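Protein chains in written order, with my numbering: chain E, 5 to 168; chain U, 939 to 1441.
Don't be surprised by glycine CBs; every beta carbon is placed ideally from N, CA and C.
None of the values given here were measured: they were computed from a predicted structure.
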Amino acid sequence: MVQHTSGTPVDNEQGNRAASLELPQQASRFLIPAVVILVGVAMLVLAAALPASNVPTRFSPSWWPAALGAVTVVLGVLLAFWPENSDDEDAVSGDIRRLLLASAIIIGGVGLWAWTSFLVGGIVIGAGLLAALGERRILVLLLFPVVVTGAIWAVFALLLRVPL
Amino acid sequence: MTALLEGFGQLANVQVLLCIALGTLIGMLVGTFPGVTATMAVALASGFTLTLDPVAGLAVLLTIYVAANFGDRVPAILINTPGTPASIATTFDGYPMAKQGRAGVALTTSAFASAVGSVFGIAILMTVALPLSAIALQFGPPETFALVVFGLTMMVTVSGPHIIKGFAAGSLGLFLATVGRDPITGADRFTFGILGIADGVPFIAAIIGVFGVAEIFTSIRLRRDVTQKPIQQLGRWWPTKADLRRMPKPLAVGSGVGAVVGAVPATGGDIGGIIAWSQAKRVSRHPEEFGRGSIEGLTAADTSSNATLGPSVTTTLALGIPGDSVMAVVIGSLVIWGLTPGPTLFATRPDLVFTIAGIMLVATIAALGLSLLRLRGATKILELRPRYLWVIVLLACIVGTYAINASLVDVWVMLAFGVLGVTMRRFGFPAGPLVLGLILGELAEANLRRSLEIGGVGTILASPIAVAILLLSVVTVAVPAIRRAIAKKRTTRINTSTPEETR
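Shown next as structure tokens:
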């Protein structure tokens, strides 16, 4: 039998620290089912908003999406009772800031492409991503994106005749 | 006979042969570089192959599929990291062999075993595809709906231990497939006036997002920008006579297991390799060597994972249900080329079976040749920092997606699916069922609604084939879940009884 002793200040501090570490897992236990249920409810709402069909049919165009919404809600409820905690190596937060930075660079680069051309957007994405991923050599930061963007442009625009 | 000649005849074309050469090179590189999967490469390639003729485009996609299953053995053997999931079982004995100074023998054995498996799978494709599609031609809406359900449940089951999350992902995929026109009435659904999605979510863009962008985003998130030093001492290249004498049995086991696993929807080379490895161990005279550098274990695993390719293509094209995740991507391209997979495809184009078999055969020979070339420089690829490849892949994803319709809407859709994919992986939701739901959604809905319109649920229950397939679907989900529950209960019992016993 395990003997429980009253905690010393150090023990309490460690316990608090452990509790604070467990908090995200506790939160995700309820958060994931809640998000799944919300997605299901959104599907149901969207399906309900579909206009009725003019074609005479027993099953309207909203029937299948609504059924999927209901199934998703049920799955969310099941997840609340049988949480499937992931021990995958992918299922950790990791470096979210780095990911957000990379995403912002890509979104900005694609936006720039829409306003200018692929060559400009591609070079900005290439250089920005390399810098965000830790590349610090100026020559590499300048040459690599230019060569890669140029090569991709040559393949698609010149060989495959895609108007970039 | 005419179909066979016509089918193979289509390969006598410079463009097609060049596409096979290009696909082999890309496939080998993709396989060699851990973190870039065959699914990702095929998804990416499908963006630019859509501008080619269907046969030339298929040549690129199928050759990448085949060649990646040769290239992925290199990192599995030299750095104990599978290049793609299909070479997981290669690491069991390949890496121990390399550590014993037999990396050269392991690489050569693996290449030949992969080639034997590949040819065996292609033979199945050539002999089974047409009869299977003839049977499937008899299928009506209830049977087709049941087949889609089976494909989805298999994908959920093989995607990991998270069954409920898998079904939730599949449900979302099926819902996203409802965007566009209703398959029965033709009414618009969830398009919100956006022209780019009037015909539905552009699924090539979605696939590139989920399998390409999300994969790179996950690597960025988890800081996988590290390289491992490969084993440099490769030793001799050719197996001894004693080694060769031990190979027939694992070759037979691998071919048999691969053929069966490949034919089951949604299962691929990873599962085939692992099952064949354990089966070969059971029938081996030296089971104690397995996992410690057994040439039999390596042979069985690699034969099997490549033997799944042909049957996987067979299931995909004859039934319209993807045999594995790469085939899910290929279906997307085929639909855009106007070659919708399913029983009617081979009824109208029987020559296509042999064209596809021919492409895969030439790809196998080319990949075997490349594998046997003693390119020591190939091991240098393993030392390249992944960040450079990520930038290339991301830029190619963006341009490849844009090239489909020369539309930036597709690029935004791809990025949105990339974010969705990385979020799903973070929270343990498998991406496979989402993509499969998206691809098969219309087929599922149209056939279910047609069945129900005819005579309600009774239409489905009156079909023994549909009922059998649906029951099989239930079994595939229930059996692993029950097994896991029993194992968990047993573990808990052992854990709780241990203190009593030790007292």
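message = Going by beta-carbon coordinates alone, are residue 882 of chain U and residue 993 of chain U separated by less than 9 Å?
response = Nothing about residue 882 of chain U can be read from this structure; chain U reaches only from 939 to 1441.
request  = Establish whether the CB of residue 1328 of chain U and some CB of chain E are separated by less than 9 Å.
outcome  = yes
ask   = Shortest alpha-carbon distance to residue 1241 of chain U belongs to which of U:1180, U:1195, U:1434?
value = U:1195
Any C-beta of chain E under 9 Å from that of residue 1434 of chain U = no
ask   = Does the count of Cβ pairs from the stretch 1108-1124 of chain U and the stretch 1239-1256 of chain U closer than 8 Å reach three?
value = no
request  = Look up residue 1428 of chain U in the DSSP assignment and say whether it is helix, strand or coil.
outcome  = helix
request  = Pair every Cβ in the stretch 101-119 of chain E with every Cβ in the stretch 1146-1159 of chain U, then say whether three or more of these pairs are closer than 8 Å.
outcome  = yes
message = For residue 147 of chain E, tell me which candidate among E:126, E:164, E:162 has the shortest Cα-Cα distance.
response = E:126
ask   = Pick from U:1235, U:1231, U:1079: whose alpha carbon is nearest that of residue 1393 of chain U?
value = U:1079
inquiry  = Can you look up residue 1387 of chain U in the DSSP assignment and give me helix, strand or coil?
reply    = helix
query = Within the 9 Å Cβ cut-off, does residue 1187 of chain U reach chain E?
reply = no
inquiry  = Less than 9 Å between CB atoms is the rule here; does residue 1084 of chain U satisfy it with respect to chain E?
reply    = no
task = Give a yes or no on whether 9 Å exceeds the smallest Cβ distance from residue 1158 of chain U to chain E.
result = yes
inquiry  = Within a Cβ cutoff of 7 Å, which residues of the same chain sit near residue 1237 of chain U, ignoring the five residues on either side of it in sequence?
reply    = 1047, 1051, 1185, 1188, 1189, 1192
task = Would you kindly work out how many angstroms separate the C-alpha atoms of residue 1084 of chain U and residue 1407 of chain U, rounded to a whole number?
result = 6 Å
request  = Say whether chain U places a C-beta atom closer than 9 Å to the C-beta of residue 116 of chain E.
outcome  = no
request  = State yes or no: is the C-beta of residue 1214 of chain U nearer than 8 Å to some heavy atom of the ligand NAP?
outcome  = The ligand NAP is not part of the structure shown, which contains no ligands of any sort.
key: residue 34 of chain E at chain U interface by Cβ criterion, 9 Å   = no
key: Residue of U:1017, U:1072, U:957, U:1100 minimising C-alpha distance to residue 1034 of chain U   = U:1017
query = Which whole runs of the beta strand (DSSP E) in the stretch 107-135 of chain E are 3 residues long or more, in chain order?
reply = none
inquiry  = For residue 1310 of chain U and residue 1049 of chain U, I'd like the C-alpha separation in whole angstroms.
reply    = 7 Å
task = Could you name the residues of the stretch 123-136 of chain E whose beta carbon sits closer than 7 Å to any beta carbon of chain U, in the order they occur along the chain?
result = 126, 129, 130, 133, 134
task = Using a Cβ cut-off of 9 Å (strictly closer), state whether residue 1128 of chain U contacts chain E.
result = yes
key: Listed by chain order, chain E residues near residue 1380 of chain U by CB distance under 8 Å   = Residues of chain E passing the Cβ test: none, with the nearest at roughly 10 Å.
ask   = So, is the C-beta of residue 156 of chain E closer than 9 Å to a C-beta in chain U?
value = yes
key: Range covered by the alpha helix (DSSP H) that runs through residue 1089 of chain U   = 1079-1096
message = Is the separation between the beta-carbon of residue 1009 of chain U and that of residue 1290 of chain U shorter than 9 Å?
response = no
ask   = The alpha helix (DSSP H) with residue 1271 of chain U in it runs from where to where?
value = 1263-1274
Cβ-Cβ distance between residue 981 of chain U and residue 1267 of chain U below 9 Å = yes
query = Candidates U:978, U:1002, U:959, U:1067: which alpha carbon is nearest residue 1249 of chain U's?
reply = U:1067
ask   = Which bits of chain E does residue 1334 of chain U rub up against, with CB to CB less than 7 Å?
value = 156
key: chain U contact residues for residue 62 of chain E, given Cβ-Cβ distances below 8 Å   = 1390, 1391
task = Within its chain, find whatever has a CB closer than 6 Å to the CB of residue 1230 of chain U; leave out the 5 residues flanking it on each side and keep chain order.
result = 1034
ask   = DSSP three-state call for residue 1111 of chain U: helix, strand or coil?
value = helix
task = For chain U, find out if any of its Cβ atoms is closer than 9 Å to the Cβ of residue 153 of chain E; answer yes or no.
result = yes
query = Which residues in the same chain as residue 37 of chain E place their Cβ atom closer than 6 Å to its Cβ, once the five residues preceding and following it in sequence are excluded?
reply = 80, 83, 84
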